[in-house]
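Report on the structure given below.
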Amino acid sequence: MSILVRPPKRKLQEPDEGPRKHSAASSWSPGFRSLPVSRRASEQREAGDSHISSASLRELHSNRASPVLYDNGPLHTPRQFSPKASVVLIGIRGTGKSSLAVILAATTGRRLIDADRYFHQMAGCSRAVFKKDNDHAVYRQQEARIFESMLSDHQEDCVIACGAGSMERSGQQLLREFAQTHPVIHVTRDPESIQSYLKAWDTQKVRHFLELSGPIYRSCSNLEFFNLSETANRESIAKDGHDHSPGPRDQRSQTPTPFLTLKRVQRDFLRFIAFVVGDSTELSRQHASFPLTLLPVETRQFTSAVSVPFSVLCEKDLDIEELEFTVDAFELKIDVASPSDMGADSNLADRISQVVSTLRRNIIVPLMYHVESFITPRRSRSPAPASRTADESYLNLLRHGLRLAPGFLTVDLTRDDNIISQVVSARGTTKIVGHFETFHPIAGGWDGDEYMKLYERAKKLGCNVVRFCQPAETLEDNNAVQRFRHRIESLPGPQLPLIAYNTGPLGRVSRCFNPILTPVTHPSLITESPTQLIPTITARHAQEALFSTFALDPMQFFVFGANVTYSMSPAMHNTAFKLCGMPHHYSIFQSPTLRGLNELVENQFFGGSSVSLPYKTEVIPLLHSMSPHARAIGAVNTLIPIRSHEDSNDPRLSQESSVFIQKCRAGPIKGIHGDNTDWIGICNCIRRGLSPANAVRPSTTGLVIGSGGMARAAIYSMIHLGVQNIFVYNRTLANAEKLAQHYNRQDLFANERMAADGRPRVSTLSSLDEPWPAEYKQPTVVVSGIPAHSIGGAPAPNFNVPTQWLESPTGGVVVDLAYKPLNTPLMKQIRALSHRGWVALDGLDVLPEQGFAQFELFTGRRAPRRLMRKIVLQEYEDDEGHDSSAIRDRLQHLDGQPT
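Residue numbers for the sequence shown follow this note's numbering, beginning at -10 and rising by one.
The structure is reproduced here in structure tokens:
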């Protein structure tokens, strides 16, 4: 029997389990003290989780030697799921299961099933009433029967939220079985936020209960999601529980918009789900804002990964976005000496989960999870390791890493085949890096046979990537590692990507020229004295070395248009180039005709160009290829030179190879590739301002004002987000109808779920006086693409959206692409409606967003997002006068994070 269980009786913008309080947890919990079982059971009953049996707690005691407790034996869960597989959420009260379930159901169209309500509907009464009227044996039989029925009847397209009542012994076994083919996610959270929600107990008691319950919940699940609470420095939570974080706020009046409390949680959780179920369509949609994700990081040239110890992240208040600055991956090194050093048992697992969640909140690059096999004593200056982690402890830390579903996870190739095979078989969508590191050069070195044998063993065991390193004793060792890499490349057939470099001060040269995922550090992590040789390099050092040795060439970039003297792009890109260690130059190229493009193409150091009016459509006939986005929009704003053509039967792969791999190399140009990043800037701003209460559904409606090139991009961004009902208003109705026809004759779908519900439809509105069409919901996504300043002596439009079109009960987001003046009449109108849930974003929000994507297309490197935002704000000049205090406030609340 399938029952549609409605969400809890609350509005999403008033969550009962949303972020309540700044997480103050900065130290490890006390060790796991032995307590009588009766006392533990009583504590669980006080928490409302009395359905965790005392027998289960006794089982917990028997396994306490392991740093992360599991009672499900080897890594036998394959973690390979259908994208439609139902998702189960388990965890104690206060962790946010209900909010996450509502978010997932509302955003993806999955049916929401609440286990307690399902029990009530099947049994005719609540659990409490049933238990009161029946003995415990009868209740357990009924609970097992109903729980089994619920899982059996909801195998696909559901999200199932399980309370503590589902955690009887029979329920635990059913969850373990269900986890063989479905994601069963243990949701956890910091004790402070749980205590704030429960309004009972003190934090220490909550922490102790997490110690008791954590191993049981982990034994019944195959994945884990730490529901990160908002932090004080970037995502402050006021006493009322609302998110007053920078970003989507009234930047003129400083009126906070308390409708985005779960915005970052929504983003984190949806990306986590898409990754673990392998939903490639959804992942592509989420990552479309970052063109570099078109190619896996391990296939691109000269990529780097910043390596940060877990212990340092626990001890220091580090700026994670700054650590991620221009790198391509983030490596978390679990450097735990022993369980007793970092808290006992499930406390360590909780802390690792929290650190991983914090990293994901603040980075856009893949996360690499690495467990150190050898632990060097803290503050030791000796290069030799002190001890090797026991196999059991090492495997348990890897098990926990797989539960967190990182992009990459390393496994020590010196461990037994059995351990490595367990990890590989349970990897799910995580890529396994076979890792070998020695602290003394092995016999024969890079030119011997040992590394080749290790490489073949990694392939045989099923690794996805291989990483080797050893200390360099002479500079010749750097040539030797290049020779080994060439030996691998010369092998017949496809080979695993290879990371190979030397360690130590003499090995730094090999790191610079290692082609993929070179481990780098960040200046804030370097603690050695300036008088000592530092055996590591930074990402900037690596970039500078590549250019200074002529491996890469300094390129020239331009903004091309008929009137581009006002452009802020040169300042934005040139500052970014300099800080990244790239000697490129971006300048203005103003031309009265399209023929000026010939001069750019004849320049062998031409790296790419932004395209401005009026050439965004005129340039299309001259292009050799176009991205699918630019083709659908019918306009380009980015030109990329093509210098080589890879042999491939797949034209899309050929474009990717030409556009993304051949970067920063001068030479003759064989063609021009066109792309469009305007839609990315608009799309990201919509995402940033759209509250979870207004998550895009089949009934969602969008409104676009104008019919020019930016209006085209705005419609495409809405379609990409899944909006199916889009209206266009333009002063000249014929132009609006022409734009609607452009999209209505295309078959554009954001994802398979959208295609199943129907194709998007663009309609027109003929007059500002007409009421909103009664058969459609009020718009919650509005984009204005008309100028707000006077042009050619004509008065400024002074446009406002008719009030009858702004009656959405949950508000929405309005993006005004104009920024001269910055505080347009439309922005004033929407900010005055912030109390009704409306969020306003302007052209200064959009400009850097599209610039990030252009930077990636130009350089093949990640953009320094916060820096580029800062430059745009600093360079902004408003001829009609702007509110300098508003700019200062935005500079103080810079946020380069993904949306």
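Quick reminder that beta carbons are idealized off the backbone N, C-alpha and C, glycines included. Keep in mind it's a predicted model, so treat the numbers as computed, not measured.
Look at the segment 815 to 849 and you find these whole runs of alpha helix (DSSP H), each 4 residues long or longer: 832 to 848.
For PHE119, the CB contacts under 7 Å within the same chain, skipping 5 residues up- and downstream, are ALA112, TYR128, GLN131 in chain order.
For the segment 286 to 318, the continuous beta strand (DSSP E) assignments of 3+ residues that do not extend past its boundaries occur at 293 to 298, in sequence order.
Residue pairing by DSSP places CYS458 opposite GLU426, TYR490 in a beta bridge. Its Cα nearest to that of GLY154, the residue ALA104 stands out among ALA104, ASN123, THR170. Shown here, ASP105 sits in a helix according to DSSP, grouped into three states.
Per DSSP, ASP736 lies in no beta strand (DSSP E) segment and is marked neither H nor E. Close CB contacts of PRO776 within its chain, under the 6 Å cut and outside five residues either way in sequence, are with ALA807 (chain order). Secondary structure note for HIS276: its alpha helix (DSSP H) is the uninterrupted segment 269 to 276.
For the pair ASP122 and SER182, the Cα-to-Cα distance works out to about 35 Å. Between THR399 and PHE425, the alpha-carbon positions lie close to 9 Å from each other. Cβ-Cβ distances below 7 Å link LEU535 to PHE291, CYS501, LEU541 in the same chain, with the five nearest sequence neighbours on each side left out; the list follows chain order. The shortest CA-to-CA distance from ASN216 to any of PRO180, ARG207, PHE198, LYS188 is the one to PRO180. By the Cβ neighbour-count rule, GLN839 is buried, with 16 or more other Cβ atoms within 10 Å of its own. For the 8 Å CB-CB criterion, ILE671 and VAL861 do not form a contact. Exclusion of the five residues before and after ILE477 leaves TYR444, GLN484, LEU487 as the residues of its chain whose Cβ lies within less than 7 Å of its Cβ. For SER580, the three-state secondary structure derived from DSSP is coil.
The DSSP-derived three-state label of CYS114 is coil.
Judged by their CB atoms, ILE715 and VAL751 are nearer to each other than the 8 Å cut-off.
Of the other Cβ atoms in all chains shown, fewer than 16 fall within 10 Å of the Cβ of ASP306; this residue is therefore exposed. According to the DSSP assignment, GLY160 belongs to the alpha helix (DSSP H) that extends over 158 to 167.
Assigned with DSSP and collapsed to three states, MET139 falls in helix.
Pairwise C-beta distances place the segment 452 to 472 in contact with the segment 411 to 424, as three or more of them are shorter than 8 Å. Taken in chain order, the complete beta strand (DSSP E) segments of 3 or more residues contained in the segment 145 to 217 are 147 to 150, 173 to 177, 212 to 215. Pairwise C-beta distances place the segment 357 to 364 out of contact with the segment 271 to 281, as fewer than three of them are shorter than 8 Å.
Looking at the backbone, the Cα of LEU822 and that of ARG677 are separated by about 18 Å. C-alpha of GLN863 to C-alpha of ILE876: approximately 8 Å in a straight line. Three or more Cβ pairs closer than 8 Å define a contact, and the segment 762 to 774 meets that threshold against the segment 784 to 799.
Annotation: GLN545 is outside any alpha helix (DSSP H); the continuous beta strand (DSSP E) that includes it extends over 545 to 550. DSSP places THR564 within a helical segment (H, G or I) once states are collapsed to three. Within the model, the alpha-carbon separation for GLN735 versus LEU728 is close to 12 Å. Annotated three-state conformation of ALA74 is strand, per DSSP. Judged by beta-carbon spacing, ILE658 lies within the 8 Å limit of ARG632, meaning their Cβ atoms are closer than that value. Between PHE136 and PHE108, the alpha-carbon positions lie close to 8 Å from each other. A distance of 8 Å or more separates the beta carbons of PHE549 and SER614.
As for any beta strand (DSSP E) of minimum length 3 sitting wholly inside the segment 677 to 739, the runs are 690 to 694, 714 to 718, ordered along the chain.
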